[in-house]
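Notes follow the structure.
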Amino acid sequence: MAAVAGVTGTSRSAACCAVLLAAVLFFSAPATTDAYDSLDPNGNITIKWDIISWTPDGYVATVTMTNYQQFRTISAPGWRLGWSWRKKEVLWSIVGARATKRGDCSKFKRSRPHCCKRDPTIVDLLPGTPFNQQVANCCKAGVLKTFNQDAGNAASSFQIAVGLAGTTNRTVILPKKITLKAPGQRYTCGRALVVVPTKYSSSGRRRVTQAFRLVNGVRPLKREVICS
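So the number in our numbering is just where the residue sits in the sequence shown, counting from 1, plus 77.
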């Protein structure tokens, strides 16, 4: 996935200058033929990967999933999101979710990352998680309603600090082989495409910053989905 292709660099600025990059991954309908819904052939789950700031060895990103399927919810025990790093990235920390395994972090002698696996799997936290471990739209036990049925509970978010990664729009490389699993469902994604940038407001809506958004789009398959 050439996730950074076509993205222009921006100058490094203060932390308040907010979102610089986003990746949106459209996932197709479930893999089983019986689960295919002819009444919702274009339903998808969108995953947006927003880089909101740079760090000395990487970046901080907010990852948001939104369920745009019309009728199919994700029920408990919830979604499981995975990917493969393209370089030697690590997850220094994560808020609003957790990696299922830490991996081998033995080379880090001072501070140990949250996860050192080349292919981490992320799961949601439970309702009632301490406030200092939450971000907006997190901690729903991986349950997602559909957008048209309950828009307020159709999204799930978490925030990650990625290390040993690129530190500019030109050097950062987003992960590959994105996978999304849910009870009785599997999804697949297509190639990255550049779309209209996302705009964010801050400082009481008095300041607007703009992100670069990359979109990964795929049409649902009626019979079979090959999951990465």
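C-beta: ideal position from N, C-alpha, C; glycine also.
Annotated three-state conformation of GLN262 is strand, per DSSP. Straight-line spacing of the CA atoms in PHE148 and ILE124 works out to 18 Å. The Cβ atoms of LYS254 and GLY159 sit closer than 9 Å to each other.
CA-to-CA, the gap between ILE199 and ALA228 works out to about 23 Å. Excluding residues up to 5 positions away in sequence, PRO190, ALA238, GLY240 lie with their Cβ nearer than 6 Å to the Cβ of TRP169 in the same chain. ASN121 sits buried, since 16 or more C-beta atoms from the chains shown fall within 10 Å of its C-beta. Residues of the same chain with a CB within less than 7 Å of the CB of ASP117, apart from the 5 flanking positions on each side, are GLN146, GLN147, PHE148 in chain order.
For TYR136, the enclosing beta strand (DSSP E) begins and ends at 135-144. In the structure shown, ALA238 adopts extended strand secondary structure according to DSSP, grouped into three states.
DSSP places VAL172 inside the beta strand (DSSP E), whose first and last residues are 167-172.
Of the residues assessed, ASN119 falls on the exposed side of the cut-off, its CB having fewer than 16 other CB atoms within 10 angstroms.
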